[in-house]
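**Student:** Be aware that the sequence shown starts at 836, since it is given in this note's numbering, and climbs by one per residue.
Following this message is one structure expressed as structure tokens.
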Amino acid sequence: RVGKEEKKVPIIRHNSKSSIAKTFVNWITVFITLYWKNLLQDIRNPLTICLQYFSPISQILLFALCIGGHPFGINIGIVNKDSSRLAVGNEFLKSIDGVIVNQIHFNNLKEAIEAAKRRKVWAVIEIPRDYSYALVDRIISSNVSNKLVKRSTILVHADLSDKIVALTTLRTLHNDYILFTRRLLSDYDEDPDVANPIIKIVKPIYGSNTKNYRAFRDFMLPGMILNLTFAMAIAMSSLTLIAERSGQTFERNYVAGVNATQMLMSHIAARITLSALYVVIVVWTPLLLFDIRVKGNVWIATLLVLIQNITGMTCGMLISATCKEIMMAMVTTSGCFMFFLFMSGTLWPVESIPYSFRWMCYISPTTLPTEAFRHILYRNWSITSFGVSIGFGVSFIWTIIFFCCAAKLFRYNK
């Protein structure tokens, strides 16, 4: 009625702090529920766990066994035309390392070259006639002619198509010849240091120059550990999420009010729980079994590999968001693995890559972390060093990029 006071409607004011707390508790509750669901789902599938543990560990062990060792038992053809009484050529042949080189004697050079063309021998050593007298004259003479140098030179006809075997053979011959020449100079009362190379490698700053040092294996091992762990995380994450999408698990979660961020973060947490132990095993097993010379903190290196594992998970999420079929995801995962492996500097130094393409290698998810892994193991660099910290930083940045893109695509495909 007119003139009467209007009835006031009470205004209900919500407590903003209690609302935020309730939302947070609800979010955490959903997250923990999804986490246990994903964890139990993986535990109930022992084949998946066995694949996750056995595959990278067996590959790393096979790599350490098969890669980086020194070739031995290399067949080398010998054509010794030196028939003088001094028999200096025979003394040199006796000084060659019998473990690496297996000597096969031929009557003439033509027969030996034909054997090399048929891959029966890797190289042919030709010792010229009167080599002994010519070499002695070259040592004691003060006036050495070009003809004398030619007569006192051993010729090597090598098959250089296999660079590793060729370099091993030539390095063995070179080192054995220096030792042989030093003994010969001592026999003729000459200074044996004359036979030393003009350039001498002293005590190395990092690494080792010992005979049995497997430098190539030690160079590749950090990159192989990191890239295999990265690839396995991509595969397991992408296949698991695609299987859930195929079973319409995502749709049921969306209907229940679960968002994409909760599902992806719970998936990461479950995968970290299952993969933390195998990351430790993958890093420590080759270092302990194969006596890798480590100077740095292996636990920091293990942490780096674990972070790279998380980066691989988020990359797998992105693949699962774009690929609807498992076959397409497997092809994409294989392509990503080979792409990142070649660019990471694992198989060959990044310094050999052209400048026009090198920048792309440095911004890839595995290149700088691989170099940081080497810095930690072989150079004893701490996490505060720039070369190590940038490896961690790149891993974090790519993890955020992959996760945000995957979450955006999952919301879009919702």
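Ideal Cβ placement from N, Cα and C applies to all residues, glycine included.
Considering only DSSP beta bridges, list what Val936 is partnered with.
**Tutor:** Indexing the sequence shown from 1 puts residue 936 at position 101. Among the bridge pairs identified by DSSP, Val936 is matched with Ile909.
**Student:** Distance check for Ala1068 and Lys1130, CA to CA, integer angstroms please.
**Tutor:** In the sequence shown, the residue the question calls residue 1130 occupies position 295. In the sequence shown, the residue the question calls residue 1068 occupies position 233. If I take the Cα positions, the gap works out to 28 Å.
**Student:** Give the straight-line distance between the Cα atoms of Phe859 and Arg1087, rounded to the nearest whole angstrom.
**Tutor:** Numbered from 1 along the sequence shown, position 24 holds the residue referred to as residue 859. Numbered from 1 along the sequence shown, position 252 holds the residue referred to as residue 1087. Going by the C-alpha atoms only, they are around 22 Å apart.
**Student:** Identify the continuous alpha helix (DSSP H) that holds Val971 and give its terminal residues.
**Tutor:** The residue you call residue 971 lines up with position 136 of the sequence shown. It spans 966 to 975 - the alpha helix (DSSP H) in which Val971 sits, taken as one unbroken run.
**Student:** Sorted by chain position, which residues of the same chain lie with C-beta nearer than 8 Å to Thr1007's C-beta, five sequence neighbours on each side aside?
**Tutor:** Walking along the sequence shown from the start, residue 1007 turns up at place 172. Cβ neighbours of Thr1007 beyond the five flanking positions: Ile931, Asp932, Ile935, Val936.
**Student:** What residue range is occupied by the uninterrupted beta strand (DSSP E) comprising Ala993?
**Tutor:** Indexing the sequence shown from 1 puts residue 993 at position 158. Element bounds for Ala993: 990 to 993.
**Student:** Quick one: what's Val914 bridged to in DSSP?
**Tutor:** Here residue 914 refers to the residue found at position 79 when the sequence shown is read from its first residue. Per DSSP, Glu961.
**Student:** Could you give the first and the last residue of the continuous alpha helix (DSSP H) run that contains Gln894?
**Tutor:** Here residue 894 is taken as the residue at index 59 of the sequence shown, counted from 1. Run containing Gln894: 881 to 901, per the alpha helix (DSSP H) assignment.
**Student:** Using 9 Å as the threshold, is the C-beta distance between Ile1161 and Ile1077 below it?
**Tutor:** Your numbering for residue 1161 matches position 326 in the sequence shown. Your numbering for residue 1077 matches position 242 in the sequence shown. Yes, they are a contact pair.
**Student:** To the nearest angstrom, report how far apart Val984 and Ile1198 are at their CA atoms.
**Tutor:** For the purposes of this step, residue 984 is taken as the residue at position 149 of the sequence shown. For the purposes of this step, residue 1198 is taken as the residue at position 363 of the sequence shown. Straight-line spacing of the CA atoms in Val984 and Ile1198 works out to 53 Å.
**Student:** Would you decide whether Gln1097 is buried or exposed? Buried here means 16 or more other CB atoms lie within 10 Å of its CB.
**Tutor:** In the sequence shown, the residue the question calls residue 1097 occupies position 262. Buried is the call here.
**Student:** Taking Cβ to Cβ, would you say Val1117 is nearer than 9 Å to Leu1203?
**Tutor:** Your numbering for residue 1117 matches position 282 in the sequence shown. Your numbering for residue 1203 matches position 368 in the sequence shown. No, Cβ-Cβ distance for Val1117 and Leu1203 is not below 9 Å.
**Student:** Counting only the same chain and skipping the five closest in sequence on each side, list residues whose C-beta sits under 8 Å from that of Ala1070.
**Tutor:** In the sequence shown, counting from the first residue as 1, residue 1070 sits at position 235. Cβ neighbours of Ala1070 beyond the five flanking positions: Gly1151, Met1165, Thr1168.
**Student:** What's the C-alpha gap between Gly903 and Gln1083?
**Tutor:** Taking the first residue of the sequence shown as 1, we reach residue 903 at position 68. Taking the first residue of the sequence shown as 1, we reach residue 1083 at position 248. If I take the Cα positions, the gap works out to 48 Å.
**Student:** Pick helix, strand or coil for Gln1143, following the three-state DSSP scheme.
**Tutor:** For the purposes of this step, residue 1143 is taken as the residue at position 308 of the sequence shown. Of the three classes helix, strand and coil, the one that applies to Gln1143 here is helix, per DSSP.
**Student:** How is Leu1182 classed by DSSP in three states: helix, strand or coil?
**Tutor:** Looking up residue 1182 in the sequence shown gives position 347. Leu1182: coil per DSSP, three-state reduction.
**Student:** Can you tell me where the alpha helix (DSSP H) with Glu1079 in it begins and where it stops?
**Tutor:** Position 244 of the sequence shown, counted from the first residue, corresponds to residue 1079. First-last of the alpha helix (DSSP H) with Glu1079: 1050 to 1081.
**Student:** Taking the continuous alpha helix (DSSP H) assigned at Ala947, which residues delimit it?
**Tutor:** In the sequence shown, the residue the question calls residue 947 occupies position 112. From DSSP, the alpha helix (DSSP H) with Ala947 extends over 944 to 952.
**Student:** Count the other CB atoms, across all protein chains shown, that sit within 10 Å of the CB of Ile1142; report buried if there are 16 or more and exposed otherwise.
**Tutor:** Within the sequence shown, numbered from 1, the residue matching residue 1142 stands at position 307. Buried.
**Student:** So, with DSSP's three-state summary, where would you put Thr1157?
**Tutor:** Along the sequence shown, one-based indexing puts residue 1157 at 322. Thr1157 falls in the helix class under three-state DSSP.
**Student:** Measure the CB-CB distance between Phe820 and Thr1201 and report whether it falls below 9 Å.
**Tutor:** The structure shown does not extend to residue 820, since the chain spans only 836 to 1249, so no value can be given for it.
**Student:** In angstroms with no decimal places, state the Cα-to-Cα distance between Asp994 and Ile1060.
**Tutor:** Working through the sequence shown from its first residue, we reach residue 994 at position 159. Working through the sequence shown from its first residue, we reach residue 1060 at position 225. Taking the straight line joining both Cα atoms gives about 33 Å.
**Student:** Grab me the residues of Asn861's own chain with a C-beta within less than 6 Å of its C-beta, minus the 5 sequence neighbours each way, in chain order.
**Tutor:** Looking up residue 861 in the sequence shown gives position 26. Once the five neighbours on either side are set aside, Asn861 has no close Cβ partner at all.
**Student:** Using 8 Å as the cut-off, can you tell me whether the segment 1013 to 1023 makes contact with the segment 960 to 978, which would need three or more C-beta pairs spanning the two stretches below that distance?
**Tutor:** Yes, since at least three Cβ pairs between the segment 1013 to 1023 and the segment 960 to 978 fall closer than 8 Å, the two stretches touch.
**Student:** Which one of Ile1034, Leu1014, Ile1036 has the shortest CA to CA distance from Asp1026?
**Tutor:** Locating residue 1026 in the sequence shown gives position 191, where the first residue counts as 1. If we check each option's Cα against that of Asp1026, Leu1014 comes out closest.
**Student:** Alpha carbon to alpha carbon, what distance is there between Gly1058 and Thr1219?
**Tutor:** One-based indexing of the sequence shown puts residue 1219 at position 384. One-based indexing of the sequence shown puts residue 1058 at position 223. Near 21 Å, if we compare the C-alpha coordinates of Gly1058 and Thr1219.
**Student:** Which class does Gly1262 belong to by DSSP, given the choice of helix, strand or coil?
**Tutor:** This structure leaves residue 1262 out entirely; the chain is present only between 836 and 1249.
**Student:** Mind checking whether Phe1208 and Gly1226 have CB atoms under 9 Å apart?
**Tutor:** Position 373 of the sequence shown, counting from 1, holds the residue named residue 1208. Position 391 of the sequence shown, counting from 1, holds the residue named residue 1226. A contact, by the Cβ cut-off of 9 Å.
**Student:** Return the CA-CA distance between Pro1189 and Lys945, expressed in angstroms with no decimal places.
**Tutor:** Locating residue 1189 in the sequence shown gives position 354, where the first residue counts as 1. Locating residue 945 in the sequence shown gives position 110, where the first residue counts as 1. Their Cα atoms are separated by approximately 42 Å.
**Student:** So, are the CB atoms of Ser1187 and Arg1080 less than 9 Å apart?
**Tutor:** The residue given as residue 1187 occupies position 352 in the sequence shown. The residue given as residue 1080 occupies position 245 in the sequence shown. Not closer than 9 Å, so no.
**Student:** Taking its Cβ as the centre, do 16 or more other Cβ atoms sit within 10 Å of Trp1256, making it buried, or is it exposed?
**Tutor:** This structure does not reach residue 1256, given that the chain is present from 836 up to 1249, and the question cannot be answered.
**Student:** So, at 8 Å on beta carbons, what are the nonlocal neighbours of Lys1159 in its own chain, with the 5 sequence-adjacent residues on each side left out?
**Tutor:** Translated into the one-based positions of the sequence shown, residue 1159 becomes position 324. Ile1077, Arg1080, listed in sequence order.
**Student:** Assign Glu1206 to one of three DSSP states: helix, strand, or coil.
**Tutor:** Counting from one through the sequence shown, the residue named residue 1206 turns up at place 371. Here Glu1206 sits in helix by DSSP.
**Student:** Using the C-alpha atoms, what's the distance from Val914 back to Glu949?
**Tutor:** The residue given as residue 949 occupies position 114 in the sequence shown. The residue given as residue 914 occupies position 79 in the sequence shown. As the crow flies, the alpha-carbon of Glu949 is around 13 Å from that of Val914.
**Student:** Short of 8 Å in beta carbon distance, which residues of its chain neighbour Tyr1023, apart from the five on each side in sequence? Order them along the chain.
**Tutor:** Taking the sequence shown and counting its residues from 1, the one referred to as residue 1023 is at position 188. Here the set comprises Val971, Ile974, Ile975.
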